[in-house]
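All remarks here apply to the structure that follows.
As structure tokens, this is what we get:
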């Protein structure tokens with residue numbers, strides 16, 4: 001709406017479609033800037049949202065105003081509300097496939113396909129497990145998407161955690177470098193990570209905000225809405241398809257006011273009023289009863305600990321918990337402590353968040369680690385990575401004496417403000433033991449309310465179910481039991497039939513029509529793709545099996561020197577053992593192995609040389625069985641034949 005010479009008018013853009021492929025997004029259409037000078041002719045009035053249907057402007061009375069309006073917009077007495085356009089269903093089904101995140105926590109990636117159009121949501125990584133020794137990361141298998149990359153219209157990212165963005169540098173080229181739809185903070189985190197991959201494709205971004213609708217393609221429009229998570233700028237979405245509206249809220253929890261009541265429920269109510277075909281709901285917190293702990297309580301508990309601390313304070317947390325780090329910095333400033341940051345990822349995220357206004361602190365509040373010696377211990381607060389006991393993170397390097405600037409000393413207070421990721425229990429226990437042995441006073445989340453999960457527990461999940469009232473329910477993210485429990489909650493709360501709650505696995509192909517959601521017999525490749533050093537996908541099950549064997553059983557190398565002509569052994573076989581037995585203390589077994597090798601090689605016909613490859617196979621099989629009979633262990637046998 002424009003107020004001009006006392007009259008109010010609404011401005012209707014000449015550009016009719018809010019197409020995601022158009023570089024001029026909605027906020028830019030309403031940007032009535034004088035293209036002939038530096039000053040704008042129209043100033044947006046306070047409280048007016050540029051992404052809403054009606055935008056109010058206060059207009060300067062300049063000579064060029066009429067010329068500009070004629071050039072940029074039409075003045076009318078009535079406004080035409082921008083519409084999202086989605087083709088009606090033409091008998092085709094909507095295909096939905098999760099490529100990761102459905103049998104693990106992490107590696108989140110899924111896509112929708114309708115006709116010749118594909119919409120992808122998230123592209124995350126998973127950290128290695130015990131079964132994947134030596135692997136750096138695990139990413140989704142994108143072979144199907146690579147075969148149809150010309151059909152991919154967009155990659156939408158819900159938020160900036162690595163289990164949702166971590167695979168982007170590895171797959172972007174392979175899937176045709178589609179436009180990435182993300183919020184400002186998420187975009188900056190992705191771009192910061194891209195600096196480590198200079199040869200990867202440069203991402204092309206479409207910035208999104210809550211309340212905005214993007215027309216992705218003919219068959220897909222997406223309305224974004226803001227959600228609360230433990231990283232700012234997360235979004236959920238209503239995916240508008242020819243078969244109906246599908247809601248994907250991303251990962252979320254409720255935010256609570258000082259009265260203890262959840263805030264922002266009207267957003268969920270509005271989503272429910274849209275008429276929802278299928279609700280996809282994060283299952284990570286589905287086993288946890290009750291409501292999430294308010295961040296305000298966490299902040300209060302942290303302040304109590306900080307006030308009681310007599311010496312230095314070290315806080316270990318995830319580098320991605322930007323809201324938590326902002327709270328800690330604010331408390332540190334309040335108590336007159338200087339804050340130092342330990343860990344490259346933590347420094348990067350704080351700098352990005354500060355630049356975008358998500359973290360605020362006074363000039364000089366954060367100091368380099370190198371300057372800590374200038375301050376008294378009771379004036380120091382150090383934010384560190386490594387609360388999971390990661391070997392190369394700041395906290396573990398500190399207790400191992402490998403950190404150049406920080407050593408633990410009696411009187412230090414260490415706060416581990418994070419939960420324990422499944423599988424990290426032993427490393428976290430070692431971390432707590434090491435800190436305590438060196439004189440630190442350690443607090444963790446089981447002792448006090450100093451951590452709140454970013455994932456909605458049962459009562460919050462049920463509240464969202466009631467407000468949205470979907471016809472079908474598809475629990476996402478997490479191990480099978482987590483998703484099964486989420487499905488049970490939906491059946492109890494919404495009285496849904498079991499066949500209306502769908503439990504697919506990674507790679508399952510789900511067909512969605514206006515009246516049904518069904519898992520088909522089709523299965524797409526969804527096996528692990530390993531990232532190991534510079535290699536992506538070159539570590540398969542055979543390599544992992546060898547690594548597990550080496551780790552569990554050890555290795556025996558047998559070097560045999562043979563005559564090329566006669567096939568006779570020319571010298572005593574050399575035997576090297578690694579991780580199997582200590583040879584100096586097992587001379588008898590060593591002699592038995594050598595006799596066995598002579599017997600194997602000596603079976604060749606007199607005067608004829610034994611084929612080297614055949615000899616290796618015999619040694620591997622027969623020595624392997626011999627060692628198992630003697631020790632009940634199966635080390636890896638590596639025979640080496642030297643022919644002279």
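In full-length UniProt numbering, the protein residues as written are 1 to 644.
C-beta: ideal position from N, C-alpha, C; glycine also.
Under a three-way DSSP split, which group does residue 206 fall into? Numbered from its first residue, the chain shown carries residue 206 at position 206. Strand, per DSSP.
Cutoff 7 Å; reference residue 573; Cβ partners in own chain excluding five residues on either side: Position 573 of the chain shown, counting from 1, holds the residue named residue 573. Counting only Cβ-Cβ distances below 7 Å, and skipping sequence neighbours, we find 558, 559, 560, 594, 597.
Use the C-beta contact count for residue 332: other C-beta atoms within 10 angstroms, 16 or more gives buried, fewer gives exposed. Indexing the chain shown from 1 puts residue 332 at position 332. By the 10 Å Cβ count, residue 332 comes out buried.
Own chain, CB closer than 6 Å to residue 420, minus 5 neighbours either side, in chain order: Your numbering for residue 420 matches position 420 in the chain shown. Taken in chain order, the residues that qualify are 428.
Residue 469 and residue 276 closer than 9 Å at C-beta: Residue numbering aside, residue 469 sits at position 469 when the chain shown is read from its first letter. Residue numbering aside, residue 276 sits at position 276 when the chain shown is read from its first letter. It is a contact, given that the beta carbons lie within the stated cut-off.
Decide yes or no for the touch test of the region 286-301 against the region 444-454: beta carbon pairs closer than 8 Å, at least 3 of them. yes
Chain-order list of residues whose beta-carbon lies under 7 Å from that of residue 506 (same chain, five-residue window excluded): The residue you call residue 506 lines up with position 506 of the chain shown. Once the five neighbours on either side are set aside, the close Cβ partners of residue 506 are 98, 99, 100, 102, 103, 526.
Looking at the structure shown, is residue 587 part of a helix, part of a strand, or coil, going by DSSP? For this step, residue 587 is matched to residue 587 along the chain shown. Residue 587: helix per DSSP, three-state reduction.
What residues match up with residue 473 in a beta bridge as DSSP calls it? Locating residue 473 in the chain shown gives position 473, where the first residue counts as 1. 279, 501, per the DSSP bridge assignment.
Which word fits residue 447, buried or exposed, when buried means at least 16 other C-beta atoms lie within 10 angstroms of its C-beta? Here residue 447 is taken as the residue at index 447 of the chain shown, counted from 1. Classification for residue 447: exposed.
Looking at residue 246 and residue 271, is the spacing between their C-beta atoms short of 9 Å? Counted from its first residue, the chain shown places residue 271 at position 271. Counted from its first residue, the chain shown places residue 246 at position 246. Not a contact, by the Cβ cut-off of 9 Å.
Tell me the residue span of the beta strand (DSSP E) that contains residue 518. The sequence position of residue 518 within the chain shown is 518, counting from 1. Segment 517-523, the beta strand (DSSP E) holding residue 518.
Out of 119, 166, 153, 152, state which residue places its alpha-carbon closest to the alpha-carbon of residue 672. The shown model of the chain, from 1 to 644, leaves out residue 672, and the question about it has no answer.
Separation of residue 377 from residue 387, as counted between CA atoms: Counted from its first residue, the chain shown places residue 387 at position 387. Counted from its first residue, the chain shown places residue 377 at position 377. Roughly 22 Å between the two C-alpha positions.
Mark residue 234 as exposed unless 16 or more other C-beta atoms lie within 10 angstroms of its C-beta, in which case mark it buried. In the chain shown, counting from the first residue as 1, residue 234 sits at position 234. With 16 or more other Cβ atoms within 10 Å, it is buried.
For residue 154 versus residue 139, is the C-beta spacing smaller than 9 Å? Translated into the one-based positions of the chain shown, residue 154 becomes position 154. Translated into the one-based positions of the chain shown, residue 139 becomes position 139. Against a cut-off of 9 Å, the Cβ pair of residue 139 and residue 154 comes out as no contact.
Alpha carbon to alpha carbon, what distance is there between residue 177 and residue 204? Position 204 of the chain shown, counted from the first residue, corresponds to residue 204. Position 177 of the chain shown, counted from the first residue, corresponds to residue 177. Rounded to the nearest angstrom, the two C-alpha atoms are 8 Å apart.
Work out the CA separation of residue 284 and residue 455 for me, nearest whole Å. As a working note, residue 455 is residue 455 in the chain shown. As a working note, residue 284 is residue 284 in the chain shown. Spanning the two alpha carbons is a distance of roughly 6 Å.
Given residue 322, which residues of its chain have a CB within under 7 Å of its CB, disregarding the five upstream and five downstream residues? Here residue 322 refers to the residue found at position 322 of the chain shown. Excluding sequence neighbours, residue 322 sits near 231, 232, 349, 353, 358, 359.
Out of 524, 510, 168, 287, which one is the CA nearest neighbour of residue 481? The residue you call residue 481 lines up with position 481 of the chain shown. Comparing Cα-Cα distances from residue 481 to each of 524, 510, 168, 287, the minimum goes to 287.
Cβ-based neighbour list, residue 152, same chain, cut-off 7 Å, excluding 5 preceding and 5 following: Looking up residue 152 in the chain shown gives position 152. Excluding sequence neighbours, residue 152 sits near 118, 120, 145, 175, 176, 178.
Near residue 637, which residues of its chain fall below 6 Å by C-beta distance, leaving aside the five closest residues on each side in sequence? For the purposes of this step, residue 637 is taken as residue 637 along the chain shown, with counting starting at 1. The residues are 556, 620, 623, 624.
To the nearest angstrom, report how far apart residue 498 and residue 473 are at their CA atoms. Counting from one through the chain shown, the residue named residue 498 turns up at place 498. Counting from one through the chain shown, the residue named residue 473 turns up at place 473. Taking the straight line joining both Cα atoms gives about 10 Å.
Taking the Cβ atom as the reference point for each residue, do residue 581 and residue 631 lie within a distance shorter than 9 Å? Along the chain shown, read from residue 1 onward, the residue named residue 581 stands at position 581. Along the chain shown, read from residue 1 onward, the residue named residue 631 stands at position 631. Closer than 9 Å, so yes.
Pick out whichever of 312, 93, 142, 550 has its Cα sitting closest to the Cα of residue 528. Translated into the one-based positions of the chain shown, residue 528 becomes position 528. Nearest C-alpha to residue 528: 142.
So residue 399 packs on residue 431, CB below 8 Å; how close in whole Å? Here residue 399 corresponds to residue number 399 of the chain shown, with the count starting at 1. Here residue 431 corresponds to residue number 431 of the chain shown, with the count starting at 1. Going by Cβ atoms, the distance from residue 399 to residue 431 rounds to 7 Å, so yes, they are a contact pair.
Can you pull the DSSP bridge partners for residue 181? Stepping through the chain shown from its first residue, residue 181 is reached at position 181. Answer is 156, 206, bridged to residue 181.
Got a sec, what are the start and stop residues for the beta strand (DSSP E) residue 251 sits in? Mapped onto the chain shown, residue 251 falls at position 251. That residue, residue 251, is in no beta strand (DSSP E); it is neither H nor E in DSSP.
Roughly how many angstroms separate the alpha carbons of residue 264 and residue 252, rounded to a whole number? Along the chain shown, one-based indexing puts residue 264 at 264. Along the chain shown, one-based indexing puts residue 252 at 252. Rounded to whole angstroms, residue 264 to residue 252 spans 12 Å at the Cα level.
Rounded to whole angstroms, what's the CA-CA distance from residue 162 to residue 274? Just pull it up for me. The residue given as residue 162 occupies position 162 in the chain shown. The residue given as residue 274 occupies position 274 in the chain shown. One C-alpha to the other measures close to 31 Å.
For residue 75, which three-state DSSP category applies? Residue numbering aside, residue 75 sits at position 75 when the chain shown is read from its first letter. Because residue 75 carries a pLDDT of 30, less than 50, the predicted location of this residue cannot be relied on, and no value is offered for it.
Find out if the Cβ-Cβ distance for the pair residue 579, residue 635 is shorter than 9 Å. For the purposes of this step, residue 579 is taken as residue 579 along the chain shown, with counting starting at 1. For the purposes of this step, residue 635 is taken as residue 635 along the chain shown, with counting starting at 1. Contact: yes.
Quick one: is residue 16 buried, meaning 16 or more other Cβ sit within 10 Å of its Cβ, or exposed? Counting from one through the chain shown, the residue named residue 16 turns up at place 16. Here the model assigns residue 16 a pLDDT of 36, short of 50, so the residue's position is not dependable, and the following value carries that caveat. Exposed, because fewer than 16 other Cβ atoms sit within 10 Å of the Cβ of residue 16.
Member of 268, 536, 344, 457 whose CA lies at the smallest distance from the CA of residue 223: Position 223 of the chain shown, counted from the first residue, corresponds to residue 223. Residue 268 is the option with its Cα nearest to residue 223.
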